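Asker:
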Amino acid sequence: MNLILLGPPGAGKGTQAQRLAARLNLVHLASGDVLRAERASGSELGKRVESYMDSGALVPDEIIIEVILTRVRAAAGASGILLDGFPRTVAQAESLAEALSAAGERLDAVINLRVPDEELVGRIVGRRTCPTCHAVYHVTANPPAKPGVCDNDGTPLKQRTDDTEAVVRNRLAAYREQTAPLTAYYAKSGLLHEMDGTGAMDEVNEQLTKLVQDLAGDR
Ligand code: AP5
């Protein structure tokens with residue numbers, strides 16, 4: 653199955669995608685993680701995307717589309733792809749459809765995680781991530797066993813440079829203007845499934861897994 657997890661910054665896309673991909677053996681492709689890895693490596697691409705990411709703006713389509721579609725093409729045909737953070741514009745959605753079709757694949761479903769803005773800001777400002785394994789924590793909602801250290805590999809946790817309140821407001825504005833229209837776009841093709849993302853992480857994960865298993869059964 654090829655799936656997209658859609659939703660505003662902080663909706664829980666990364667948290668849920670990691671769990672769902674492990675449970676259902678899907679390739680998890682997170683555009684934000686790909687870009688952060690490029691920055692950490694000091695690559696030319698990493699330098700080109702730095703200012704957009706730090707201000708909370710979207711990276712231009714002409715840069716991100718090729719970066720992500722290269723990975724989609726490489727993963728196509730395996731047990732399935734779970735996209736997190738891509739597409740974020742209608743142009744990205746159209747290019748994804750073309751790439752999947754060229755690989756003899758199709759998109760099976762788009763799941764939109766809904767969380768109100770006031771909750772998103774608290775989630776993002778309290779987020780801590782592991783630079784080694786990309787595990788996602790929250791200082792109160794999902795703390796590591798030992799404060800400030802990743803449970804999986806003992807790496808010191810970091811706060812993302814774009815996880816400040818001011819940048820979050822810009823990210824939410826970019827989401828509303830450029831990404832939210834994708835819900836109508838995918839509703840039109842019958843692929844959209846709305847999901848409440850406000851419950852506890854485990855509850856959301858159970859509901860999401862059940863939805864995806866039902867969809868797989870209907871194929
Ligand atoms: P990206 O890394 O994709 O960030 P984002 O979409 O803003 O999403 P987040 O990672 O902030 O949130 P999430 O929904 O994954 O939530 P998480 O699970 O971590 O993109 C970063 C930047 O890269 C963009 O701003 C842009 O510049 C660029 N970019 C990336 N893709 C692009 C594209 N396609 N086009 C153009 N530019 C692109 O959870 C958040 C926190 O909440 C965590 O602390 C978690 O522990 C906690 N939490 C999760 N679920 C719950 C719950 N149920 N209850 C309580 N707390 C919870």
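Numbering (this note's numbering), first residue to last: 653 to 871. Glycine residues also receive a C-beta, built at the ideal position from the N, C-alpha and C atoms. The structure displayed is predicted, hence computed values, not measured ones.
#1: Taking Cβ positions, are His680 and Ala761 nearer each other than 7 Å?
#2: Who are the near neighbours of Ile717 in its chain, counting only those whose CB is closer than 8 Å to its CB and skipping five residues on each side?
#3: Taking buried to mean at least 16 other C-beta atoms within 10 Å of its own C-beta, is Ala677 buried or exposed?
#4: Output the distance between the C-alpha atoms of Asp685 and Pro783, rounded to the nearest integer angstrom.
#5: On a Cα-Cα basis, can you pick out the residue from Leu809, Ala751 and Asp706 that is closest to Ala727?
#6: Three or more C-beta pairs closer than 8 Å, one from the stretch 700-715 and one from the stretch 807-824: is that the case here?
#7: Counting C-beta neighbours from all protein chains within 10 Å, is the total for Ser693 16 or more, i.e. buried, or is it exposed?
#8: Any heavy atom of the ligand AP5 closer than 6 Å to the Cβ of Tyr838?
#9: Whole angstroms is fine: what's the gap from Leu860's alpha carbon to Leu672's?
#10: Report the rounded CA-to-CA distance for Asp769 versus Asp805, giving the unit in angstroms.
#11: Would Val791 and Gly774 be called neighbours here (beta carbons separated by less than 7 Å)?
#12: Given this structure, state the Cα-to-Cα distance separating Asn654 from Ala730, to the nearest angstrom.
#13: May I ask you to list the residues that DSSP assigns as paired with Leu682?
#14: Considering only residues of the same chain and omitting the five flanking positions on each side of Ala755, which have a CB-CB separation below 7 Å?
#15: Buried or exposed for Cys785, please, with buried defined as at least 16 other CB atoms from any protein chain shown within 10 angstroms of its CB.
#16: Ordered along the chain, which non-local residues of its own chain (more than five positions away) have a Cβ less than 6 Å from that of Gly698?
#17: Is the Cβ-Cβ distance between Ala669 and Leu734 less than 7 Å?
#18: Using DSSP bridges, identify the partner residues of Ala728.
#19: Kindly indicate the opening and closing residues of the alpha helix (DSSP H) around Ala674.
Answerer: Reading it off the structure:
#1: Taking 7 Å as the Cβ cut-off, His680 and Ala761 do not qualify as a contacting pair.
#2: Non-local C-beta neighbours of Ile717 in its own chain, meaning closer than 8 Å and more than five positions away in sequence, comprise Ala743, Gln744 and Ser747, ordered along the chain.
#3: It should be pointed out that residue 677 corresponds to Asn in this sequence rather than to Ala. A residue is called buried when at least 16 other Cβ atoms come within 10 angstroms of its Cβ; Asn677 does not meet this threshold and is exposed.
#4: It is roughly 10 Å from the alpha-carbon of Asp685 to the alpha-carbon of Pro783.
#5: It is Ala751 whose Cα lies nearest to the Cα of Ala727.
#6: Judged by Cβ distances under 8 Å, the stretch 700-715 makes contact with the stretch 807-824, as three or more pairs qualify.
#7: Exposed: under 16 other Cβ atoms inside 10 Å.
#8: No, since every heavy atom of the ligand AP5 falls outside the 6 Å radius drawn around the Cβ of Tyr838.
#9: Rounded to whole angstroms, Leu860 to Leu672 spans 8 Å at the Cα level.
#10: Rounded to whole angstroms, Asp769 to Asp805 spans 32 Å at the Cα level.
#11: With a cutoff of 7 Å on beta-carbon distance, Val791 and Gly774 are scored as not near each other.
#12: Going from the Cα of Asn654 to the Cα of Ala730 covers about 10 Å.
#13: One detail in the question is off: residue 682 reads as Ala in this sequence, not Leu. In the DSSP output, where bridge partners are listed per residue, Ala682 has Asp736.
#14: Closer than 7 Å at Cβ, skipping near neighbours: Arg725, Ala728 and Gly729.
#15: Burial is judged here by how many other beta carbons sit within 10 angstroms of a residue's own beta carbon; Cys785 has fewer than 16 and is exposed.
#16: Around Gly698: Glu690 and Arg691.
#17: Result yes, Cβ atoms of Ala669 and Leu734 sit closer than 7 Å.
#18: In the DSSP output, where bridge partners are listed per residue, Ala728 has none listed.
#19: Note, Ala674: alpha helix (DSSP H), Lys665 to Leu676.
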